[in-house]
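Reading through the structure tokens given below for one structure.
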Amino acid sequence: DAVAIDGGGASLPCDGVVVAGSLVVNESMLTGEPMPINKLPAEDSAQAVLTKNNLAYAGTACLQSTGPHNGKAVLIATAVGALTNRGKLVRAVLFPVSVRFKYNDQLPVVYGMLTIFVIVAMSIFVAKASLGSWIAIYVSSLNTAAQCLNPMLPVSMVMGQSVSAMRLQKELKIGVLQLGRIPIAGKISTMVFDKTGTITRDGMDISGVVPIADAAFKPEIKFKLEEVMHNREAIRSRAPHALKVALGCCHTVTTLRDGSLVGNQVEVSMVQVCGWTIADDTITPPCKKEAFQVVRQLEFDHCRMTSGVVVRGIDGEVMVFLKGSYEIIAGKCLEKTVPADYTAVTQNLAKSGFYVLAVASKVLPNSTTNQQIFDFTRDDLEADLSACGLVHFRNEMKRDSPQAIKLLRAARIRCV
Numbered sequence: 380d381a382v383a384i385d386g387g388g389a390s391l392p393c394d395g396v397v398v399a400g401s402l403v404v405n406e407s408m409l410t411g412e413p414m415p416i417n418k419l420p421a422e423d424s425a426q427a428v429l430t431k432n433n434l435a436y437a438g439t440a441c442l443q444s445t446g447p448h449n450g451k452a453v454l455i456a457t458a459v460g461a462l463t464n465r466g467k468l469v470r471a472v473l474f475p476v477s478v479r480f481k482y483n484d485q486l487p488v489v490y491g492m493l494t495i496f497v498i499v500a501m502s503i504f505v506a507k508a509s510l511g512s513w514i515a516i517y518v519s520s521l522n523t524a525a526q527c528l529n530p531m532l533p534v535s536m537v538m539g540q541s542v543s544a545m546r547l548q549k550e551l552k553i554g555v556l557q558l559g560r561i562p563i564a565g566k567i568s569t570m571v572f573d574k575t576g577t578i579t580r581d582g583m584d585i586s587g588v589v590p591i592a593d594a595a596f597k598p599e600i601k602f603k604l605e606e607v608m609h610n611r612e613a614i615r616s617r618a619p620h621a622l623k624v625a626l627g628c629c630h631t632v633t634t635l636r637d638g639s640l641v642g643n644q645v646e647v648s649m650v651q652v653c654g655w656t657i658a659d660d661t662i663t664p665p666c667k668k669e670a671f672q673v674v675r676q677l678e679f680d681h682c683r684m685t686s687g688v689v690v691r692g693i694d695g696e697v698m699v700f701l702k703g704s705y706e707i708i709a710g711k712c713l714e715k716t717v718p719a720d721y722t723a724v725t726q727n728l729a730k731s732g733f734y735v736l737a738v739a740s741k742v743l744p745n746s747t748t749n750q751q752i753f754d755f756t757r758d759d760l761e762a763d764l765s766a767c768g769l770v771h772f773r774n775e776m777k778r779d780s781p782q783a784i785k786l787l788r789a790a791r792i793r794c795v
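Be aware that the sequence shown starts at 380, since it is given in the numbering used here, and climbs by one per residue.
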């Protein structure tokens, strides 16, 4: 079914693929991600590949819907009810996967060994013990069997876990859905953290760019968080034209009706510092002397570790911009455009604690039509690029992260 989606916080009725228009949705109910996410239409091309940016999920709140059907985006339904991602999540909560421990798996072996011990002990009582009466021998043998093969052992384990669950709920307000998971806490020896959003703040702030021109690095342009006009003037006066356009256009950020920016936090930070205006598929710099139409978005690909965009200027010039891992971008650029000290500079920035992206570009003939751009494979668009520069971001640590890691280390848990 084709569904026209309402905005204004309405809940999506089904899982589906966006085929026309765009959505801004809040997926925090499903993923825990607090920032709104922009959903773009799937490409109308034989080489098109669906990504998570084309998929919308039932139960998520649609903050904004724009498209051709009475101003609304159009979604093709792919799953409803219990078959949606939300339905699967509810089932996973209600019926969690059971946890198996070696202790539980080896209990039959333990009981087997105890049974052998009981048989040996009872044989000794019968053959060797002089207790004076067969009744005494019988009672002693039965007592030995009851002590060794205690039928209450599994019950005792469950009771201990139940008491632990009650204490967690009462003292720490932690609910336990499956008692068998409680012993995991006592077996944890190593805690592995990812960095962004876990021990550091959710967002990143752009800290500077290092332009590249004539196969050489130019002086770094450093940004100051609170000085918006200083940052924009530094970009306008010192950044090469290709790098300026890349900062303003190479992203998937969109604008809500109240003017706020929605998208990946790294890209939002990049757009904020350069001050370009986004209106539907047209992006305009602060000077208003030029404008660029977004022809095709190259979604971020985890395998390629790149994302990009193809734009057309008001003069008809078609430009391809690509950003991503600095190692990958260097391999896609013409060797003559990459500085000789590229590896040393990028590694030095990374070792200094910055998140580093490289930017590259190339120009297509003005006669290239939009349909031809969509028919190009991604490999075609990402080949024979010219290095434009480096963009680095800083990610500040959360205030409570040091204390949390200190407590884990005090509990003799290794933190990675």
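All residues carry an ideal CB built from backbone N, CA and C; glycine is no exception.
Residue nearest to residue i in terms of C-alpha spacing, selected from the options
i	options	result
M649	L787, A762 and Y734	Y734
P619	A435, E606 and F596	F596
A621	G559, V607 and V689	V689
L454	Q426, I514 and D385	D385
N774	G450, I553, A670 and T577	T577
T430	L728, I563 and D680	D680
A625	P664, H448, K730 and D659	P664
T439	I416, H448 and G400	I416
V674	M684, C628 and C666	C628
K668	L787, Q782, M501 and R615	R615
T722	C666, Y705 and K715	Y705
V518	V428, L728, M531 and A500	A500
G732	I752, L764 and H771	H771
D720	A383, V589 and V382	V589
Y490	Q548, A525, P475 and V476	A525
I792	M570, Q644, R683 and A427	M570
A383	Q726, L728, P447 and T410	P447
Same chain only: Cβ atoms within 8 Å of residue i, ignoring 5 sequence neighbours per side
i	result
L640	V632, T633, T634, V647, V650, Q651 and I657
E696	V742 and N745
S541	L558
Extent of the continuous alpha helix (DSSP H) run through residue i
i	result
Q646	It should be pointed out that residue 646 corresponds to Glu in this sequence rather than to Gln. From DSSP, the alpha helix (DSSP H) with E646 extends over Q644 to C653.
I752	N749 to D754
T494	L486 to A506
K777	No alpha helix (DSSP H) holds K777; DSSP gives it neither H nor E.
A544	L532 to L551
K467	N464 to L473
Whole-angstrom distance between residue j and residue i, CA atom to CA atom
i	j	result
K566	K785	19 Å
M538	R636	56 Å
W655	I693	16 Å
I585	F602	7 Å
N522	V472	44 Å
A425	T756	9 Å
G400	A421	10 Å
P487	W513	32 Å
S801	A739	With the chain covering only 380 through 795, there is no way to say anything about residue 801.
G703	E761	12 Å
I662	C653	12 Å
L558	A783	25 Å
M408	V699	36 Å
A506	F496	15 Å
P475	G554	14 Å
V795	A435	34 Å
Contacts around residue i, its chain only, beta-carbon distance under 6 Å, and the 5 residues preceding and following it disregarded
i	result
A437	L391, C393, D394, T463 and R465
D380	A456
Q443	G386, V403 and L635
A737	Y705, I708 and L769
A766	I591, C712, T716, V717 and A739
Integer-rounded CB distance, given that residue j should sit under 8 Å from residue i
i	j	result
S535	I561	Not quite, the Cβ-Cβ distance comes to about 14 Å (not below 8 Å), so this is no contact.
L551	L528	About 37 Å; that fails the 8 Å criterion.
K418	V397	5 Å
K777	T579	6 Å
N432	E599	At roughly 32 Å, the Cβ-Cβ gap does not stay under 8 Å, so N432 and E599 are not in contact.
Residue range of the unbroken beta strand (DSSP E) whose run includes residue i
i	result
E678	F671 to D680
D694	Neither: D694 is in no beta strand (DSSP E) and is coded neither H nor E.
C441	A440 to T445
N405	S401 to N405
Same chain, Cβ closer than 7 Å to residue i, five either side skipped, listed in chain order
i	result
H630	G642, E646, M649 and V650
F504	I516, S519 and S520
V428	none
CB contact below 8 Å: residue i versus chain C
i	result
T463	Among the chains of the structure shown, chain C does not appear; only one protein chain is present.
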